[in-house]
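Here the sequence shown is numbered in the numbering used here, starting from 512 and rising by one per residue. Report on the structure given below.
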Amino acid sequence: MTSAPFTIRATTPDDWHEVREIRLEMLQDTPLAYTETLEEALGHDEAEWRRRGARGDAANGISLVAVLEDGRWVGTMGCVSFRNEPWPMLVSVYVASAFRGAAAGVTDALLAEVEEWASSRASGLMLHVHEDNARARAAYERRGFVATGSTIPYPLDRRQRELEMVKRL
Numbered sequence: 512m513t514s515a516p517f518t519i520r521a522t523t524p525d526d527w528h529e530v531r532e533i534r535l536e537m538l539q540d541t542p543l544a545y546t547e548t549l550e551e552a553l554g555h556d557e558a559e560w561r562r563r564g565a566r567g568d569a570a571n572g573i574s575l576v577a578v579l580e581d582g583r584w585v586g587t588m589g590c591v592s593f594r595n596e597p598w599p600m601l602v603s604v605y606v607a608s609a610f611r612g613a614a615a616g617v618t619d620a621l622l623a624e625v626e627e628w629a630s631s632r633a634s635g636l637m638l639h640v641h642e643d644n645a646r647a648r649a650a651y652e653r654r655g656f657v658a659t660g661s662t663i664p665y666p667l668d669r670r671q672r673e674l675e676m677v678k679r680l
């Protein structure tokens with residue numbers, strides 16, 4: 512685990528190269544954590560990556576990154592409000608392996624910013640996590656999320672499940 516100074520900021524369309532780079536890293540590191548395959552992501556054009564970068568300042572969501580002093584992105588986290596859900600949903604969570612854990616502080620710093628954004632819209636935050644992603648489930652539990660008992664099919668293999676977790680803000 513590495514502890515290094517970093518800043519948290521929202522993504523922009525001009526970040527499209529870095530948005531692409533960290534997304535590909537995420538999909539290679541923990542493919543079952545996301546609802547997109549590496550092959551699908553590799554097929555996206557610049558316009559799609561710019562659109563994803565623009566999520567940093569979207570009306571219904573936010574996309575944040577943790578950036579080291581040297582400019583390297585070591586974490587990302589997003590949140591989106593869906594009309595049919597009572598609480599905003601935490602999405603696209605990733606922290607580079609060398610920056611995971613409480614001592615590094617990346618996950619907690621990203622989550623604090625997401626929670627601040629979400630708390631102005633709702634009284635809680637929700638997420639879906641793959642049933643086999645024990646590392647992520649444990650990280651969410653340590654940060655106050657609890658399983659609701661509800662599940663949904665995992666979009667990339669409907670025989671598998673994603674567990675719903677929530678946190679009151």
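All C-beta atoms in this analysis are idealised placements derived from N, C-alpha and C, irrespective of residue type, glycine included.
What span of residues does the beta strand (DSSP E) with residue i cover, start to end?
| i | result |
| --- | --- |
| H639 | G635 to H641 |
| E673 | D668 to R679 |
| S471 | Residue 471 lies beyond the stretch modelled for the chain, which goes from 512 to 680, so this question has no answer here. |
| L549 | Counting along the chain, L549 falls outside any beta strand (DSSP E), though it belongs to the alpha helix (DSSP H) covering L549 to L553. |
| G589 | W584 to V591 |
| T541 | Run containing T541: none; DSSP gives neither H nor E here. |
Residues in the same chain with beta-carbon distance under 7 Å from residue i, minus the five sequence neighbours each way, listed in chain order, please.
| i | result |
| --- | --- |
| D490 | Not covered by the structure: residue 490. The range shown for the chain is 512 to 680. |
| A620 | I519 and A577 |
| Q539 | L549 |
| V617 | F517, A577, V585, G586, V606 and F610 |
Compute the beta-carbon to beta-carbon distance between residue i and residue j, rounded to the nearest angstrom, for a pair I have assumed lies under 8 Å.
| i | j | result |
| --- | --- | --- |
| R520 | V578 | 6 Å |
| E624 | L575 | 5 Å |
| S592 | R632 | 6 Å |
| L636 | W598 | 6 Å |
| P666 | T548 | With a Cβ gap of about 10 Å, P666 and T548 do not count as contacting. |
Please list, in chain order, all residues of the same chain as residue i whose beta carbon is under 6 Å from its beta carbon, the five residues on each side excluded.
| i | result |
| --- | --- |
| I573 | C590 and W628 |
| F656 | M676 and K678 |
| A658 | L674 and M676 |
| Y605 | M537 and T587 |
| A607 | V585 |
| E529 | W584 |
| T683 | Any answer about residue 683 is impossible in this case: the structure gives the chain only from 512 up to 680. |
| I533 | W584 and T587 |
Pick helix, strand or coil for residue i, following the three-state DSSP scheme.
| i | result |
| --- | --- |
| W527 | helix |
| R654 | coil |
| A521 | strand |
| S631 | coil |
| A569 | strand |
| A647 | helix |
| H577 | A small fix is needed here, since residue 577 is Ala in this sequence, not His. Residue state, collapsed to three classes: strand. |
Go to residue i, then tell me how far its alpha helix (DSSP H) extends in each direction, as first and last residue.
| i | result |
| --- | --- |
| W598 | Note, W598: premise wrong, no alpha helix (DSSP H); not H, not E. |
| G612 | Taken as a continuous stretch (DSSP letters only), G612 belongs to no alpha helix (DSSP H), as it is neither H nor E. |
| A558 | E557 to G564 |
Would you check if the stretch 661–674 and the stretch 637–648 touch, i.e. whether three or more CB-CB distances between them fall below 8 Å? yes
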